[in-house]
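Q:
Protein chains: 2
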Amino acid sequence: MVAKTYTIRDVAEKADVGVGTVSRVINNSPLVSEKTREKVLAAIEELDYHPSPIARRLSTGGRSQAIGIIAPFFTRPAYVGRLRGIETALLESQYDLILYNVETPEQRDDLFKRIPRERRVDGLVIITLHPTDEDVRLFKQYGMPVVLVDSKHSELTSIIIDDIDGGRQGTQHLIDLGHRKIAFLSDYIDYPFGFGASQQRLKGYRQTLERNNVVFKEQYHRQGDHSKAAAYRLAQELMALSEPPTSIFTTSDTHAIGCLEALQALGLQVPEDVSVVGYDDIEVSAYIGLTTVSQPLFQSGVDGITTLMEIIDNGSDEAPSRSITLPVNLVVRETTGPPPSN
Amino acid sequence: MVAKTYTIRDVAEKADVGVGTVSRVINNSPLVSEKTREKVLAAIEELDYHPSPIARRLSTGGRSQAIGIIAPFFTRPAYVGRLRGIETALLESQYDLILYNVETPEQRDDLFKRIPRERRVDGLVIITLHPTDEDVRLFKQYGMPVVLVDSKHSELTSIIIDDIDGGRQGTQHLIDLGHRKIAFLSDYIDYPFGFGASQQRLKGYRQTLERNNVVFKEQYHRQGDHSKAAAYRLAQELMALSEPPTSIFTTSDTHAIGCLEALQALGLQVPEDVSVVGYDDIEVSAYIGLTTVSQPLFQSGVDGITTLMEIIDNGSDEAPSRSITLPVNLVVRETTGPPPSN
DNA sequence: TATAAATATGGAACCGGTTCCATTTTATTG
DNA sequence: CAATAAAATGGAACCGGTTCCATATTTATA
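Just so you know, the protein sequences line up as chains A and B, in that order.
Going by the working numbering, the first residue of the first sequence is number 21, and it counts up by one from there.
Going by the working numbering, the first residue of the second sequence is number 21, and it counts up by one from there.
1. Residue 326 of chain A: which of A:32, A:66, A:62, A:107 sits nearest, CA to CA?
2. Give the residues of chain B in contact with residue 91 of chain A, contact being defined as C-beta atoms less than 8 Å apart.
3. Go ahead and label residue 100 of chain A buried or exposed: buried means 16 or more other beta carbons lie within 10 angstroms of its beta carbon, across all protein chains shown.
4. Quick check on the DSSP output: what are the complete beta strand (DSSP E) runs of length 3 or more inside the stretch 147-199 of chain A, in order along the chain?
5. Any beta-carbon of chain B closer than 8 Å to the one on residue 248 of chain A?
6. Is the beta carbon of residue 246 of chain B closer than 8 Å to that of residue 93 of chain B?
7. Figure out for me which residue from B:72, B:37, B:352 has the closest Cα to the Cα of residue 55 of chain B.
8. Cutting at 7 Å between CB atoms, please list the residues of its own chain near residue 186 of chain B, excluding the five before and the five after it.
9. Return no unless some Cβ of chain B is closer than 8 Å to the Cβ of residue 372 of chain A.
10. State yes or no: is the beta carbon of residue 21 of chain A nearer than 8 Å to at least one beta carbon in chain B?
11. List, in order along the chain, the chain B residues whose C-beta lies closer than 8 Å to that of residue 304 of chain A?
12. On the DSSP letters alone, give me the boundaries of the alpha helix (DSSP H) that residue 76 of chain B sits inside.
13. Given 7 Å as the limit, tell me if residue 67 of chain B has its C-beta closer than that to any heavy atom belonging to the ligand SAH.
14. Tell me whether residue 62 of chain B is buried or exposed, calling it buried when 16 or more other Cβ atoms sit within 10 Å of its Cβ.
15. Which runs of the alpha helix (DSSP H) fall wholly inside the stretch 231-266 of chain A and span at least 4 residues, in chain order?
16. Return no unless some Cβ of chain A is closer than 8 Å to the Cβ of residue 290 of chain B.
17. Considering only residues of the same chain and omitting the five flanking positions on each side of residue 332 of chain A, which have a CB-CB separation below 7 Å?
18. Measure the beta-carbon distance from residue 268 of chain B to residue 234 of chain B and round it to whole angstroms, keeping in mind my assumption that it falls under 8 Å.
19. Can you give the Cα-Cα distance for residue 147 of chain A and residue 140 of chain B, rounded to whole angstroms?
20. Does residue 75 of chain A have its Cβ less than 8 Å from a Cβ in chain B?
21. Could you check whether residue 118 of chain A and residue 87 of chain B sit closer than 8 Å to each other, using their CB atoms as the reference points?
22. Measure from the alpha carbon of residue 238 of chain A to the alpha carbon of each residue in A:122, A:216, A:201, then state which is nearest.
23. Applying a beta-carbon distance threshold of less than 7 Å, which residues of chain A neighbour residue 363 of chain B?
24. Along chain A, which residues have their Cβ under 7 Å away from the Cβ of residue 70 of chain B?
25. Who pairs with residue 91 of chain A in a beta bridge, going by DSSP?
26. For the alpha helix (DSSP H) holding residue 274 of chain A, just list the boundary residues, first then last.
27. Would DSSP call residue 27 of chain B helix, strand or coil?
28. Out of B:145, B:112, B:155, state which residue places its alpha-carbon closest to the alpha-carbon of residue 130 of chain B.
29. The stretch 162-182 of chain B: which residues have C-beta closer than 7 Å to a C-beta of chain A, in chain order?
30. Looking at the structure shown, is residue 323 of chain B part of a helix, part of a strand, or coil, going by DSSP?
31. Between residue 226 of chain A and chain B, is any beta-carbon pair separated by less than 8 Å?
32. What is the residue span of the alpha helix (DSSP H) that residue 108 of chain A lies within?
33. When you compare only the Cα positions, how much space is there between residue 80 of chain B and residue 255 of chain A?
34. Among the candidates B:149, B:126, B:163, B:252, whose CA atom is the shortest distance from the CA of residue 138 of chain B?
35. Quick one: what's residue 297 of chain A bridged to in DSSP?
36. Quick check: the Cα distance between residue 203 of chain B and residue 188 of chain B, rounded to an integer number of angstroms?
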């Protein structure tokens, strides 16, 4: 049942050379005469021989020709945007893509330990998650190249999104429109799982309030999981306050859509009664006219992969870590306007 | 630099047994005494020994514990919905997910040949793409379990979406509303890459027109690539006809959004001037009030994976192929209404 | 032509597991 | 207790590559 596959010994026999010579040919060693090389290549072609990647990997830890991506809840629109950049960057490369989805801290811990040891991937892009110092020590111990995207560690090369500036831009926009009751709706900030981006955005939000002498109100900061349904519920809670906000700044477009649905259900007009700002600028944001902080999802994916491939190609597990900061950019559409006059 | 990893020989030495005994312990063979087993497990724990997956795979073609997914343009919303089902089904399993993205027929051909040979995955889910008889022969030759999702081959187990019925339901809905000028906007039907789904939907569309004595008009069928931008352009072309359609049935929600944007730009009201029906029911379809043929994206992903895992666990490359057909379901929202009165 | 230097080659040992058969140990029976 | 049967064990051979050193061959020099 299992197909007949030829081995290096079959090629050696057909070409009447030793296995070492075949190995030298398939690995482009200069230490083979042209005449012998051609004889071996003819045998390879005749047998349709392909070296076993498995055997290669065992004998010398040869490359797996795969890149691992670790991301939490990777089917969320923001991650999909990054994934799009990733697959575009990988398209013309010889690397396969292995996706490791994470939904709990336990899974994260298991993967951070397992992946370097298993040597299934030549390098790793970690999206949004924060490796500990101990994790980083293990990566280096196993010589595993790692690039962080939307995350930062002093010893690893990082593609950083300027989320503090994103929080600032969204908040300043609302303040410039005259809003002073600005709610902030985010992922769980203190979730031990450790999404850093929302923390940075909250920081930008709070700094901007302060800089404009607007008092931060605890009840205007709502946290929930990343789903649209959670945002729907939280928006309803916000609007049920005795002094509801005149605007809501969310930390994802998915959350923004949940808010818009809730406001719609409450018979409120956007932006006449309440303004809404999203974050990400996913594909449908233009159609629904969402004002949002656009982040370079696609570009961060591309940069993460190209940087990692450089590190792998340079065999530079000793290279100093770098930080690349990508800017964000407020896109004003139709979900923001001045607050109601009363 | 490379970390110290222990081998089976180290364990054997520490436990004062032979390597065969260690192998029997780690593979749960009954042919080990309880006393010896405990001695070996203690040594394993003390050394924090983990068997090398690579060496295992070489010696017996052991399982790779990974499942491959081949999908074209996999970051499209419809594929993401399936991916969501896939990752949910994989979450509690021990399988890693390897994604093979395809954007050309050449890539597809390369992958269909390479993947079975490389033995990197224990099984394969192929989404939407159609393997040839020759491809299937090769899968069987290498004993590679394969499940098709939204695709069909008589010798492979398939999860099928009833796309003819989907085409029928969307078209019948428009006819019931009084529409007779119904445009159909799809992917390239004759594209040699072979997306079958759009062909089936077109078939449902044409059969339903016929069944209702509506003449099929060639200029009402427009084809383009899968992007929103293509749909925007095609919708503009349709509305520029001397007798423009009163409704547009698209074969993806992404296309529907492109149409809605185009109609908006043309100052047309939806559904008062033109009705729009999508296909997929992606996450934002509810918010934008899109009438769409909802297909069980999530469920098809789950079924594809669970079926494949069954096949793998049963070692049943000899099992007869099965077909599972999942229904589609028209969801009427706000983008469809009666045609203009004139 | 003989010698030295350079180049090319073959294949045993190794990578870290699995397996199967020869051998050893334990349990059972007469 | 001895003989037989059953259970447990050890380790050489194998999986399919890579590599490095001993050896063979070719080339250059005197």
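Even glycine gets a Cβ: it sits at the ideal position worked out from N, Cα and C.
A: Quick answer:
1. Nearest option by C-alpha distance: A:107.
2. Those within 8 Å of residue 91 of chain A in chain B number zero; the least Cβ separation is about 11 Å.
3. Looking at its Cβ environment, which holds 16 or more other Cβ atoms inside 10 Å, residue 100 of chain A is buried.
4. For the stretch 147-199 of chain A, the full-length beta strand (DSSP E) segments reaching 3 residues or more read 166-169, 177-181 along the chain.
5. It does; some Cβ of chain B falls within 8 Å.
6. Yes, these two residues count as a Cβ contact at 8 Å.
7. Distances from the alpha-carbon of residue 55 of chain B to those of B:72, B:37, B:352 put B:37 closest.
8. Non-local C-beta neighbours of residue 186 of chain B in its own chain, meaning closer than 7 Å and more than five positions away in sequence, comprise 221, 224, 299, 313, 315, 348, ordered along the chain.
9. With chain A represented from 21 up to 362, any question about residue 372 of chain A goes unanswered, as that position is not in the structure.
10. Note that residue 21 of chain A scores 40 on pLDDT, short of 50, meaning its location in the model is unreliable; the coordinates nonetheless yield the value given after this. It does: the Cβ of residue 21 of chain A has a partner Cβ on chain B nearer than 8 Å.
11. The answer, in chain order, is 277, 304, 308.
12. Per DSSP, the continuous alpha helix (DSSP H) segment holding residue 76 of chain B begins and ends at 73-80.
13. The ligand SAH is absent from the structure shown, which contains no ligand whatsoever.
14. By the 10 Å Cβ count, residue 62 of chain B comes out exposed.
15. Within the stretch 231-266 of chain A, the complete alpha helix (DSSP H) runs of at least 4 residues are 248-259.
16. For residue 290 of chain B, the answer is no, since every Cβ of chain A falls outside 8 Å of its Cβ.
17. Beyond the five residues adjoining it in sequence on each side, residue 332 of chain A comes within less than 7 Å, by CB distance, of 142, 143, 165 in the same chain, given in chain order.
18. Here residue 268 of chain B is actually not in contact with residue 234 of chain B; their C-beta atoms are around 15 Å apart, not less than 8 Å.
19. Residue 147 of chain A and residue 140 of chain B have their C-alpha atoms some 24 Å from each other.
20. Between residue 75 of chain A and chain B, the shortest Cβ-Cβ separation is below 8 Å.
21. One thing to note: residue 87 of chain B has its Cβ no nearer than 8 Å to the Cβ of residue 118 of chain A.
22. Considering only alpha carbons, the answer is A:201.
23. Coverage of chain B is limited to positions 21 through 362, which leaves residue 363 of chain B absent and any answer about it impossible.
24. Simply 137.
25. Looking at the DSSP output, residue 91 of chain A shares a beta bridge with A:121.
26. 273-285 is the span of the alpha helix (DSSP H), which, as asked, contains residue 274 of chain A.
27. Correct three-state label for residue 27 of chain B: coil.
28. Ranked by Cα distance from residue 130 of chain B, the first of B:145, B:112, B:155 is B:155.
29. Cβ contacts with chain A come from 162, 163.
30. Helix.
31. Interface residue (Cβ-Cβ distance to chain B less than 8 Å): residue 226 of chain A is not classified as such.
32. Unbroken alpha helix (DSSP H) run through residue 108 of chain A: 97-110.
33. Straight-line Cα distance between these residues: approximately 57 Å.
34. If we check each option's Cα against that of residue 138 of chain B, B:163 comes out closest.
35. Residue 297 of chain A is bridged by DSSP to A:269, A:311.
36. So the alpha carbons of these two residues sit roughly 14 Å apart.
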